Amino acid sequence: MIAFPWITVLTSVPIAGALVVLGIGGGVGERNKNLARGLALAFSFLALGLTLFLWHHFNSASGALQFQERYPWIPALGVEYRVGIDGLGLLMLLLTSIVVPIGMLASWQIQERVPLYFSLVLLLQACLFGTFTALNFFHWFIFWELSLIPAFFLIKLWGGPRRTSAATQFLVYTMVGSIALLLAFLAIFLATGKFDFIDLAGLAQNGQLMPAVVRNLGWHRFTPEHVALMIFAGAFLGFAVKVPLVPFHTWLPSAYSEAPTGTTILLTGAMSKMGLYGFLRILLPIFGAEMQQVLTPLLWLAVATIVLSAYAALVQKDLKRIFAYSSINHLGYCLLGIFAVLKFTGGDVALTAEKYAAMNGVLLQMFNHGLTAATLFWFVAMLEKRSGGLRGLNDFGGLRKVMPVFAGLMGIALFSSLGLPGLNGFVGEFLIFKGSFPLATWAAALSVFGLLATAIFILGILQRVFSGALNTTWAAMPDLTTGERLALAPAIGLMFALGLYPQWVLAVVNSTVMQMVQQLKF
Amino acid sequence: MTTNMHLWLLPLLPLAGFLWNGTLGRRLPKTLVTSVALLFSGAAFAQVLWIAAQFRSLALPHVESFATPWIAIHGFQVDFSFLLDPLTLIMLLVVTGVGFLIHLYSVGYMAHEEGYWRFFAYLNLFLFFMLTLVLAENFLLLFVGWEGVGLASYLLIGFYYNKDSAADAGKKAFIVNRIGDFGFLLAIFLLVAHFGTLSFTSIFGAIAAHPAMQGGVLTTIALLLVLGATGKSAQIPLYIWLPDAMEGPTPVSALIHAATMVTAGIYMVARTHVLFDRSPLALGVVAIIGAATAIFAATIGIVQTDIKRVLAYSTVSQLGYMFLACGVAAYSSAIFHLVTHAFFKALLFLAAGSVIHALGGEQDLRAMGGLRKKIPVTFWTMTAAVFAICGFFPFAGFFSKDAILFAVFNASVLHSLYLGKLLWGIGLVTAGLTSFYMFRLWYLTFFGSARYNEEHAEHGGHGVHESSWTMLLPLIVLGVLSLVGGWMGWPEALGGHDSFAHFLDPVFGASAAAAPVVMSSASAGMERMLAGLSMLIALLGWLLADILYHRNPKLPERMAQKCSALHALLLHKYWIDELYGAIIVRPLLAISRVVLWRGVDAGIVDGSGVALASGASGFSSIVRRMQSGNIRSYAGWLAMGAALVLIFVFYLAHCI
Numbered sequence: 000m001i002a003f004p005w006i007t008v009l010t011s012v013p014i015a016g017a018l019v020v021l022g023i024g025g026g027v028g029e030r031n032k033n034l035a036r037g038l039a040l041a042f043s044f045l046a047l048g049l050t051l052f053l054w055h056h057f058n059s060a061s062g063a064l065q066f067q068e069r070y071p072w073i074p075a076l077g078v079e080y081r082v083g084i085d086g087l088g089l090l091m092l093l094l095t096s097i098v099v100p101i102g103m104l105a106s107w108q109i110q111e112r113v114p115l116y117f118s119l120v121l122l123l124q125a126c127l128f129g130t131f132t133a134l135n136f137f138h139w140f141i142f143w144e145l146s147l148i149p150a151f152f153l154i155k156l157w158g159g160p161r162r163t164s165a166a167t168q169f170l171v172y173t174m175v176g177s178i179a180l181l182l183a184f185l186a187i188f189l190a191t192g193k194f195d196f197i198d199l200a201g202l203a204q205n206g207q208l209m210p211a212v213v214r215n216l217g218w219h220r221f222t223p224e225h226v227a228l229m230i231f232a233g234a235f236l237g238f239a240v241k242v243p244l245v246p247f248h249t250w251l252p253s254a255y256s257e258a259p260t261g262t263t264i265l266l267t268g269a270m271s272k273m274g275l276y277g278f279l280r281i282l283l284p285i286f287g288a289e290m291q292q293v294l295t296p297l298l299w300l301a302v303a304t305i306v307l308s309a310y311a312a313l314v315q316k317d318l319k320r321i322f323a324y325s326s327i328n329h330l331g332y333c334l335l336g337i338f339a340v341l342k343f344t345g346g347d348v349a350l351t352a353e354k355y356a357a358m359n360g361v362l363l364q365m366f367n368h369g370l371t372a373a374t375l376f377w378f379v380a381m382l383e384k385r386s387g388g389l390r391g392l393n394d395f396g397g398l399r400k401v402m403p404v405f406a407g408l409m410g411i412a413l414f415s416s417l418g419l420p421g422l423n424g425f426v427g428e429f430l431i432f433k434g435s436f437p438l439a440t441w442a443a444a445l446s447v448f449g450l451l452a453t454a455i456f457i458l459g460i461l462q463r464v465f466s467g468a469l470n471t472t473w474a475a476m477p478d479l480t481t482g483e484r485l486a487l488a489p490a491i492g493l494m495f496a497l498g499l500y501p502q503w504v505l506a507v508v509n510s511t512v513m514q515m516v517q518q519l520k521f
Numbered sequence: 000m001t002t003n004m005h006l007w008l009l010p011l012l013p014l015a016g017f018l019w020n021g022t023l024g025r026r027l028p029k030t031l032v033t034s035v036a037l038l039f040s041g042a043a044f045a046q047v048l049w050i051a052a053q054f055r056s057l058a059l060p061h062v063e064s065f066a067t068p069w070i071a072i073h074g075f076q077v078d079f080s081f082l083l084d085p086l087t088l089i090m091l092l093v094v095t096g097v098g099f100l101i102h103l104y105s106v107g108y109m110a111h112e113e114g115y116w117r118f119f120a121y122l123n124l125f126l127f128f129m130l131t132l133v134l135a136e137n138f139l140l141l142f143v144g145w146e147g148v149g150l151a152s153y154l155l156i157g158f159y160y161n162k163d164s165a166a167d168a169g170k171k172a173f174i175v176n177r178i179g180d181f182g183f184l185l186a187i188f189l190l191v192a193h194f195g196t197l198s199f200t201s202i203f204g205a206i207a208a209h210p211a212m213q214g215g216v217l218t219t220i221a222l223l224l225v226l227g228a229t230g231k232s233a234q235i236p237l238y239i240w241l242p243d244a245m246e247g248p249t250p251v252s253a254l255i256h257a258a259t260m261v262t263a264g265i266y267m268v269a270r271t272h273v274l275f276d277r278s279p280l281a282l283g284v285v286a287i288i289g290a291a292t293a294i295f296a297a298t299i300g301i302v303q304t305d306i307k308r309v310l311a312y313s314t315v316s317q318l319g320y321m322f323l324a325c326g327v328a329a330y331s332s333a334i335f336h337l338v339t340h341a342f343f344k345a346l347l348f349l350a351a352g353s354v355i356h357a358l359g360g361e362q363d364l365r366a367m368g369g370l371r372k373k374i375p376v377t378f379w380t381m382t383a384a385v386f387a388i389c390g391f392f393p394f395a396g397f398f399s400k401d402a403i404l405f406a407v408f409n410a411s412v413l414h415s416l417y418l419g420k421l422l423w424g425i426g427l428v429t430a431g432l433t434s435f436y437m438f439r440l441w442y443l444t445f446f447g448s449a450r451y452n453e454e455h456a457e458h459g460g461h462g463v464h465e466s467s468w469t470m471l472l473p474l475i476v477l478g479v480l481s482l483v484g485g486w487m488g489w490p491e492a493l494g495g496h497d498s499f500a501h502f503l504d505p506v507f508g509a510s511a512a513a514a515p516v517v518m519s520s521a522s523a524g525m526e527r528m529l530a531g532l533s534m535l536i537a538l539l540g541w542l543l544a545d546i547l548y549h550r551n552p553k554l555p556e557r558m559a560q561k562c563s564a565l566h567a568l569l570l571h572k573y574w575i576d577e578l579y580g581a582i583i584v585r586p587l588l589a590i591s592r593v594v595l596w597r598g599v600d601a602g603i604v605d606g607s608g609v610a611l612a613s614g615a616s617g618f619s620s621i622v623r624r625m626q627s628g629n630i631r632s633y634a635g636w637l638a639m640g641a642a643l644v645l646i647f648v649f650y651l652a653h654c655i
């Protein structure tokens, strides 16, 4: 529509915010801190407003890229500045814009180096915006890598007792993944001279990409299939670590539990979607054929991710670790759906419809998981604030008596995570399973066991924390304040809204999903 | 031409009550909470009566849909749509009718409880989901109601949440049901994969259009649905949650865990009978599970000492009858028993609640006795319910139980007439056991010497007392229904018209497997004989209870000592909970902890990751330096990495 560079403006908002907030400097006064917090929140709301504006003007009937901007940057390298969004990109922008203010509100009680903290959060938001809109590998990768810096420092400087090793582990794992990803794309670039995702996807669909790579790189000792698989493996590793997919996930529980909870919200709510976004925007269109070759092991990895993480969550004693494993579990359903879509179906119409269902489910689940997981960690943050940092499953008991509203609202979020119909978690998971079941029957059927474990640990939380005799240590624990209730209301409201009317998301993504599935030429 | 029945309003009425009381109830005076809860549940009942009055003018099946779909993507759609047919109407009448009575009863019963508002909010929430369940026109909306009633049940079982046993019981109920829900979900996935839709009318229409479609995937679907039904309707192997659910307040036990929610499994099988009719195997499984559960639970009921637990096992057993009826394709008999059971079992629970209330919270049968004169209304209404459940003519249970047993007697189960006779025999023995444990309860509660502690019952200084009118009125209404409620199904063999079954003919009439038993005079004679036989068995049970618990009250104890092994087996409910704990729960947790988490997750995967990282000495020194803790050095590393990457890229570009 309008030639105004909306996306660039959107990405600049948090950057500007980060600079402004940082400019407040290191004053220690309470006024100074509040100014930093308030300004940061204001910028995040500005970003939210802009995203809602984009949503309003987005043409849902089209699966094509919209709000595109395209300028030559380094022509010699095939580097362009190219941004644009389709339904997937828009959904991720919306999610990021919702999750970041939640993360900020949950970080309100942070007292040290407040301006730096909030400016890092805004910087992270800008990197997320950049990653979700970039269409050229060059600046996409800059945003992708740059996002590690604020995330690393947020964990490292404001985290729990084992923050240093957690932050390092996080950085090393994701860096290794990123380097593999970079090497894969450099190989492709050397062979094709292209960095543009859309162009590369076009080449891949015509079956020209990998032959060109083999021809131009001159790796004659390897067969073309091996070259293709090696390059795919590099790219795959980058995203698999980020999501994460078992067995690349072990950085996650310690990073999530050591990070300050406000940061965990950003990690789980928005950053974990970067990996899935990579699967959808990059791996599927460019490496679809290679993924299909190794489909069976991929499906088993998805099943392992779902089942292993759910049962690992079952035996955790720390609320944040439980939700961390539960996060892996929920994103595992997305991976199941993505992999199932790759099943060769020979153009069968009914099975193509199942692919639409699975893919719609994946996108919906990405959004729902972001919302629900962020809200759950938010509750943990509020609980920590009241308990002086305690968050063990056995540290509480009977809290429902002293804080009924807290218990009730967190109960809603927990049941949303459990996938209770009527709340947001259900429809996405249902569509993923509905689609995956005929495409990858056994993988889907086995994954259902994850749902059982989820129910067990969710109810375990409700029981240990809120039921039973009141732990007298917390006899005076205050219930949610009016401010907290008002802040939570939109998140809880969205859970109901998307459970009862998922069309708000499905209408945005359906056309994009159809296009994505149709581009898979099998 | 169909009139608009405004079906959408029906579930929304109790939902409004829930929202009002759930959000504001805590600060409102009790009378306002009560009025809102009664008003909205009563309004729902009134609407059902209005629908019933106009029912004859409707073209069936009557479907009403919301303008906007719930889920709509390319190639798949699920609507908010409701279905009204005779089966739905009967369920609606039971749910809202009994539901309203129990709301009324709760006003008195819960009057002194903390969290009064919360109780009514949950009760209204339950009605909302239960109405969604019975009105749903597709599997997914049915599943919404199905899970929703589970949620309400969870909340109400754990109503006294600061009691550990209550919190445990709520959790157990939800998780055990969740196992059943797997079956249900997998069935839904299979259905949508094969039919491309989840709408009842479309799926059943598609099956009807293919008479050759038999067994195969339909059997798989049906068996998975059965797994779901065994959870919700407390059948073997998933019945274990229901006795524990008695931790909830007694009105909840009456409404949710006796009259309505637990019958959802039976309703679901009846609603999807088109699938079951094409699968003799699935039907056989249903019949066998039903018969086995009926007798199994009845034997446990014989020795339980908690009045509510006796009734809980009795519920499991009676649900087994309904399952048995479904399994021989006698769906209308199953629904008939569902209705009469809703009357007399709700009454039994409410009367038990009245007893418990009178004794200040006492639930142990050994600490009751001689209450006949002290609480006469409770006594007489409960007597009606006992006669009804034992199947004495002309009480309600007689007609429905007779209908079931007669159908089973004539049925061939898994292609075997002998198996049908065997299951009938089990049903008959169960009838005797039922009569025995019900009269045992009756004698222990109302006859003999008073064994309760007067002082304990002296709460509020008014001693053992009859309940208030809001509690007694529902008892009386249900008492009358326990007597006359079966007359609508007066069988033709006894000179009636079997109107109940005929009313349901539009739903089940087309059922192929329900080969209509030709009403010859010989079979009418057979039916009369079988009815007489089951009455005789019930009388025997009564007689035995009379001897053991009325005339020789010392005898049972001596018998228990003589057969201590058998007694312990029954008292400990065949140690099934312990068995499940030993072979499922504990191994699951142990595997999760030792193998999946510590072993695979934290051990192998992470271990190898760390080993990989520290194994290469060069890399490990980088890691060590990176861990120096100095912020500037981290930033330096990152900047250096980024610079290297850029240099590399430019170098490459130069080469090209």
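Each protein sequence line maps, in turn, to chains E and B.
Following numbering that gives the first Met the number 0, the numbering of the first sequence begins with 0 at its first residue and continues without gaps.
Following numbering that gives the first Met the number 0, the numbering of the second sequence begins with 0 at its first residue and continues without gaps.
Even glycine gets a Cβ: it sits at the ideal position worked out from N, Cα and C.
Source: prediction; values computed, not measured.
Would a C-beta distance cut-off of 8 Å place residue i and residue j closer than the cut-off?
| i | j | result |
| --- | --- | --- |
| Val-35 of chain B | Gly-16 of chain B | yes |
| Thr-260 of chain E | Ala-442 of chain E | no |
| Ser-411 of chain B | Gly-424 of chain B | no |
| Ile-187 of chain B | Phe-194 of chain B | no |
For residue i, tell me which candidate among the options has the shortest Cα-Cα distance.
| i | options | result |
| --- | --- | --- |
| Ile-264 of chain E | E:Ser-446, E:Ser-416 and E:Leu-370 | E:Leu-370 |
| Gly-368 of chain B | B:Glu-246, B:Glu-453 and B:Val-175 | B:Glu-453 |
| Leu-124 of chain B | B:Asn-551, B:Thr-95, B:Met-109 and B:Glu-136 | B:Thr-95 |
| Asp-363 of chain B | B:Ile-374, B:Leu-422 and B:Phe-445 | B:Phe-445 |
| Leu-199 of chain E | E:Gly-424, E:Leu-134 and E:Ser-256 | E:Leu-134 |
| Leu-477 of chain B | B:Pro-490, B:Gly-98, B:Val-273 and B:Phe-183 | B:Gly-98 |
| Ala-75 of chain E | E:Thr-191, E:Leu-45 and E:Leu-89 | E:Thr-191 |
CB-CB under 6 Å to residue i, same chain, minus the five flanking residues each way: which ones, in chain order?
| i | result |
| --- | --- |
| Leu-37 of chain B | His-102 |
| Leu-18 of chain B | none |
| Ala-311 of chain B | Leu-241, Pro-242 and Met-245 |
Identify, in the order they occur along the chain, each residue of the same chain with its Cβ nearer than 7 Å to the Cβ of residue i, setting aside the five sequence neighbours on each side.
| i | result |
| --- | --- |
| Ser-11 of chain E | none |
| Leu-6 of chain B | Glu-63, Phe-81, Leu-83 and Leu-134 |
| Val-361 of chain E | Cys-333, Gly-336, Ile-337 and Ile-431 |
| Phe-391 of chain B | Phe-397, Met-534 and Ala-537 |
Beta-carbon within less than 8 Å of residue i's beta-carbon, same chain only, minus the 5 sequence neighbours each way: which residues are those?
| i | result |
| --- | --- |
| Ile-536 of chain B | Leu-427, Val-428, Ala-430, Gly-431 and Ser-434 |
| Ala-610 of chain B | Confidence in Ala-610 of chain B is poor, its pLDDT being 49 and thus under 50, which makes the residue's placement unreliable; the coordinate value appears in the next sentence. None. |
| Phe-158 of chain B | Gly-114, Arg-117, Phe-118, Tyr-121, Ala-165, Gly-247, Pro-248 and Val-251 |
Within 8 Å of any Cβ in chain A, is that where the Cβ of residue i sits?
| i | result |
| --- | --- |
| Gly-215 of chain B | Absent from the structure: chain A. Protein chains present are E and B. |
Tell me residue i's beta-bridge partners as DSSP assigns them.
| i | result |
| --- | --- |
| Ser-64 of chain B | B:Ser-80 |
| Gly-74 of chain B | Answer by DSSP bridge pairing: none, since Gly-74 of chain B is not bridged. |
| Glu-68 of chain E | E:Val-82 |
Whole runs of the alpha helix (DSSP H) within the segment 241-267 of chain E, excluding any shorter than 4 residues: When DSSP assignments are scanned along the segment 241-267 of chain E, the uninterrupted stretches of alpha helix (DSSP H) that are 4 or more residues long and fall wholly within it turn out to be 250-257 and 260-265.
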